[in-house]
Every structure is written in C-alpha cells, then in structure tokens.
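Asks: The structure's right below; bear with me while I get my questions together.
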Amino acid sequence: MTERRRRAGTAVALVAALVAGTWAPPWAPRWVGTTAAAAATALAQAGKPQGGAAKPAAPTAEEKAAAAKVAAFEAAFKPLKDDAPLAPRQAALAALLEVDDAKAAKALLAGRAQLVKEVAALEKERDAVRGKLEELVEKLGGARGRPPKPEEKARFEKLDAEQKALLARQREIGELGSALDARLGASAAPEALRWLLANVTAKHELPQRTREQIVRRAALASPPLVAELVASLAKASGPDELLLAIDGLAACGPAAAAHVKLLADLLWNEEARVQEAALFALAELRAPEAIAPLVHFLGEQPPGAALRRATRALVQLTGVDHGGEVRAWRSWLGGEGAALAAGTQPLPPRAPLACFELPLRGLAFAFVIDCSESMLAERPAPGGGKETRLDAAKREVAAALAALPANAAFTVVAYAHEARSSSKELQPATPENVAAAREWVAKITTAPKTVAATSTALSQLLQDVAAAPPPAGRMARLDAIVLITASRPVRPDGTPESGDAVVKLVDFRNQAVNAPIDAIALGAAEPPDWLAKLAEASGGRCVAR
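Add 783 to a position in the sequence shown, counting from 1, and you land on the number used in the working numbering.
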C-alpha cells in the first residue's frame, strides 16, 4: 500500500493541516502551503478594525431603514396563532429583498427555523384529526344498515373541514418557506455570504439547492470569497459538505489557483463523488501545478470510471488527449507537456461552463432537451415575470453553447415522441457552428398532448455518437450528455415506460460511448427516482431546478 493510499479517508484532517500551514505533500510547490496559511490568517483577520480602535460612524439613513426592515421581519416571524394571516410575513419578506447583509441573513435563517416548527406542529395536529376521522369512519362502518345520526354527520364534516384547513395552512407556510429559501440563496453581499458560509452551508435541513446557490454566489463575488471557501473545506464533516466547498472553489476558477494541493489531496478520498469533484475542480483552477498530480492519479487507476474521469479532467485542463494511456501521458509530461506543467507555456483558455448552474465537465457535449407538453408549464424568469420550462431550457443551452471553448465539440437534440438533432455528429465549437446551433435551438417548439420518449432519444443519440469518429484530436467520443427534462418516461406510442427499463436500455446503448448523463429535472423539488438512477448508472449527476 502506497503512502497516498494510506491517506485515503483522512482528507478532512489533512485539509485542516494544510490550511494551518503544517503539512504539504512532497510534490507541492513551497509557496502553496504558505498561501493557504495566509488565506486562513486573512479569514481570521476579516472584519477586525485596522489602525487602532476608530470610533464607529453613526448609521446612515439607508442603514437605519435596512435595520428597521430586519426588525419588522423578525417581529413578523415570531410565533403566530393558528388562524393568524400570513400576509404580514409575506410583506416583511418582500421588504427584505432590498436588504442584503449579515443581519438580514441571520433573520432569514431564524424565520426559517420558526416556519419549520410551525409545519411540524401542523403535521402533528393533522395526525390527531386524521386519527379521529378514521375512528369515526370505523364506527360508522360497524353500523351498517342505518344512516349516520345528525350529530355523527356533523362531527364528520367538522373533522373533515379541520383537516382541510390544516392542510391548506401547511401548504401556505410551505410556499412562504420556499420563498424564504429563494431569498437566502439570492444573497450577494460579501458580508452576508461570509456569514452564510460560516453558519449555513453545513446545515443539512436547508435544501441542497439553497446551499449550492450560497456557495456559487460566494465564488462569483468580486473578488471571490476564496479564503472563506477554503475554511468551509477545512471544517467539512462529511462528503456533502466537502462537495459544496470543492464546487465553490472550482467556480472561483484561477482565483483559487493557489490551493491546488489542497484539492489534489482529495483525489485520494475514499468517496468517489469527492474524487470526481476534486478532479474537475483542479481542471477549473487553470493552474499548471495541477497537471502533475492529475497524471500521477491517472497512473494509479485501474480501467474503469475513475480512469475515464481522470482522463476527461486532464483533457479539459491541457487541451491534449492521450485517452487512458498512462504511459503516453507520462511521456508527454516529461517532454512537450513539461512547458505547460512549468507554466512557461499558457494553458488553453476556458470560461466557466454551466447549465442551470450545474458546472459542465469535459470538452464534448450533447445537450438533450425535452420538448413534451410538460415543458409548457411556467416558472419564474430571471429578472421577474414568467417563462415556460422550454424557454428556460433553450436560454440555458444557448448560453452554454456560447461559452464553449474553441477546442470543444457539441450537438443538440430536441425530442418528444421522436428526436431531431442539430447535427448527426459532434461539431467543433467554431463561431459559425455555435451561431447556427443557437439559431436552431431558438426555433425549438412544443405543443399540447406531446409526450417524451426519453429512452428512445438517448438510445438514438448514443448510437449516432458510437457510429461516428471521435472529434478531431480526441480519443473520447462524448464527455457528457446534458439531459433537461420535466416528464415521466414513455414509449414513442405514449404508453408508460418504467424507470428501470429506461436505465437498462440506455446503459446498454452507452457501453460503446461511456458518457456520463448529467440530468436536470425541471419543476421538481427533488429529482424523480428514475432520473437519479439514470444519472447514477452512467456516472453522471442529477439535480432539480
């Protein structure tokens, strides 16, 4: 067993040591450890007054108004009577859209905790009423042959009305909670994001989507909150928290390049999900220092999914493709690749690439868009108003196409009961091809009573990709299928198809391509089981949007 293998499963402790500046792997440049320690020091010093204890400035009119809105929100979210209207809370939350600071973030979290308590109390009341109803129904069922007495009928109607009122109240509070979560995820001020990173991202009762939004906004801040994300990584207590912090650092891009070795150590984490996230985070940092550890990791992988992921990350970082041939990569690193690894030759440029805020990994993509009736449902549009799910998918795919690097390849598939594609083969991402594909996407339409034959569309895509040659200069045919859907799986004739059947068929067709399926479920709080299984079986990811 190698030294690196013995470190498997102890990544969190090593990250903490790295942040403290007390450990560095032998291949890491000396400046990395000191930079990580400096980041931790900077974080510890954040918010401390400089140059002596200056007298605090009197609050401005704007600050007073913000404080008043926070106080009004806190008052509105104190415990209410069961029948109290929720309009004051809705108004207080709407007013807090204009306040973005740590105090507002704390108030939002406290308000959310109050809503959770109220929903739990309502659920308990509903259980009690439901029990009384069942008891009454059982009693009436034992008195067959006679009509219910007036008092029995009145009691039934009263209990039924109580149950419906409790359910309506629970739904109303749930909608308010969803709006509150959306406001938390929309926080953008560095002060608020710092507080949320320190206090919220580790709280698993928050929806995963909200936690992802907080981390992503921290990465998109100006400047990115790199030190805070490093601290989140250091204190992560499990894979889910590690993944959040890793994805945040990846979204920081070159701004987090000083932390290559912190992420490289996680390549040997015992969780495959953490390994994969660290692989592609290293590619996103665009740091020459990431090349050597990636090649080293590649050399320790047996044939399989981990080897393919490591290859994709190296190709994404370097623009060179030696497939899974470890000797070829090592030879390249000792020869023509030495200039890239040393930083004397620039890495190929790459802008952040995502679809519905899901970071895309690789250089060859197939975007697959559900065009069934379910995509006509409306959802909130950026900047206010409404848009259909299909319009949202078209907008996101068009933006992803525009961000593709010049050395990428792509195709777009639109499907309902049958599939059509922008091109049978993967096209290089030239300005002309991207413009033509964006125009093609803009013309995608759907209509009522259409269905989504998902397995048929994916099977046809995989067959076409397997039959075509790989993109020029690439050994892998396809790095990811980005599936955007809001439908249950059906056959082309409209009859239902089981999720297990979809997974088995697509997995069989995928054997020649080995493409991960990154599935995006629109209009769902959680991804449906069949879609999550489809993504998992291919080594992809599944999110709800």
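Where a beta carbon is used, it is the ideal one built from N, C-alpha and C, also for glycine.
So, with DSSP's three-state summary, where would you put E1067?
Replies: In this structure, E1067 counts as helix in the three-state DSSP scheme.
Asks: Am I right that S1238 and E1280 are in contact with their C-beta atoms under 8 Å? What's the rounded C-beta distance?
Replies: A Cβ-Cβ distance of about 6 Å is found for the pair S1238 and E1280, placing them in contact under the 8 Å criterion.
Asks: Please return the same chain residues whose Cβ sits closer than 6 Å to the Cβ of I1152, not counting the five positions on each side in sequence.
Replies: The beta carbon of I1152 sits closer than 6 Å to the beta carbons of A1176, A1197 and I1267 from its chain, once the five residues preceding and following it are set aside; these are given in chain order.
Asks: Grouping DSSP H, G and I as helix and E and B as strand, with all else coil, what is V1326?
Replies: strand
Asks: If you run the structure through DSSP and keep just helix, strand and coil, what is A1189?
Replies: coil
Asks: What three-state label does DSSP hand I1227 in the structure shown?
Replies: coil
Asks: By DSSP, does K831 sit in helix, in strand, or in coil?
Replies: Only weak support is given to the placement of K831: the predicted model assigns it a pLDDT of 47, under 50, and the question is left unresolved by the model.
Asks: Looking at the ligand NAP, does it come within less than 8 Å of A1122, judged from the CB to the closest heavy atom?
Replies: No copy of the ligand NAP occurs in the structure displayed, which carries no ligand at all.
Asks: Look at D1262 and P1299 and say whether their C-beta atoms are less than 9 Å apart.
Replies: yes
Asks: So, helix, strand or coil for P933, using DSSP?
Replies: helix
Asks: To which residues of the same chain is T1171 closer than 8 Å at the C-beta, ignoring the five residues directly before and after it?
Replies: Within the same chain, M1158, L1159, A1160, E1161 and R1162 come within 8 Å of T1171 by CB-CB distance, once the 5 residues on both sides are set aside.
Asks: What residues match up with D1301 in a beta bridge as DSSP calls it?
Replies: V1265
Asks: How about V902 and Q953: are their beta carbons less than 9 Å apart?
Replies: yes
Asks: Rounded to whole angstroms, what's the CA-CA distance from L849 to L879? Just pull it up for me.
Replies: Residue 849 is actually Ala in this sequence, not Leu. In a straight line, the C-alpha of A849 is about 8 Å away from that of L879.
Asks: Would you kindly work out how many angstroms separate the C-alpha atoms of K852 and K1207, rounded to a whole number?
Replies: 56 Å
Asks: What do you reckon, are the CB atoms on F856 and G894 nearer than 9 Å?
Replies: yes
Asks: On the DSSP bridge assignment, give the partners of K1169 in chain order.
Replies: P1163
Asks: Distance, Cα to Cα, P1086 vs G1106?
Replies: 11 Å
Asks: Figure out for me which residue from A1134, A1327 and E845 has the closest Cα to the Cα of A1038.
Replies: Minimum Cα distance to A1038 is reached at A1134.
Asks: Check whether the Cβ atoms of S1155 and A1235 sit closer than 9 Å, and answer yes or no.
Replies: Contact flag set, yes.
Asks: Would you kindly work out how many angstroms separate the C-alpha atoms of R1113 and E1119, rounded to a whole number?
Replies: For R1113 and E1119, the distance between alpha carbons rounds to 11 Å.
Asks: Out of curiosity, what's the CA-to-CA distance linking A1212 and E1140?
Replies: 21 Å
Asks: Classify T755 as buried or exposed, calling it buried when 16 or more other Cβ atoms lie within 10 Å of its own Cβ.
Replies: Because the chain in this structure spans residues 784 to 1328, residue 755 falls outside the shown range and cannot be described.
Asks: A975 to A859, Cα distance in whole Å?
Replies: 21 Å
Asks: Any idea what DSSP makes of F1080, helix, strand or coil?
Replies: helix
Asks: Nearest to A1249 by CA position, among P930, L1209, R966 and K1287, is which residue?
Replies: When each option's Cα is compared against that of A1249, the closest is L1209.
Asks: Could you give the residue range of the beta strand (DSSP E) that holds S1204?
Replies: A1202 to S1204
Asks: What residue ranges within the region 1101-1181 form continuous beta strand (DSSP E) runs of no fewer than 3 residues, ordered along the chain?
Replies: 1147-1153, 1161-1163 and 1169-1171
Asks: Which residue or residues does DSSP assign as beta-bridge partners of P1211?
Replies: According to DSSP, which records beta bridges pairwise, P1211 is partnered with A1192.
Asks: Mind checking which residues open and close the alpha helix (DSSP H) that includes V1248?
Replies: T1237 to A1250
Asks: Once DSSP output is grouped into helix, strand and coil, what is the label at S1321?
Replies: Shown here, S1321 sits in a helix according to DSSP, grouped into three states.
Asks: Which term fits V740, buried or exposed, when burial requires 16 or more other beta carbons within 10 angstroms of its beta carbon?
Replies: Here the chain covers residues 784 to 1328 and nothing more, so residue 740 does not appear.
Asks: Could you have a look at V1057 and say whether DSSP puts it in helix, strand or coil?
Replies: The answer is helix: DSSP assigns V1057 an H, G or I state.
Asks: Quick check on F1148: buried or exposed, where buried means 16 or more other Cβ atoms within 10 Å of its Cβ?
Replies: buried
Asks: If distances are taken between C-alpha atoms only, which option among R1178, L967, V1109 and G1126 comes closest to C1138?
Replies: C1138 has its Cα closest to that of R1178, out of R1178, L967, V1109 and G1126.
Asks: Just checking my contact of A1019 with L1012 at CB under 8 Å: how many whole Å lie between their CB atoms?
Replies: Not a contact, Cβ separation roughly 11 Å.
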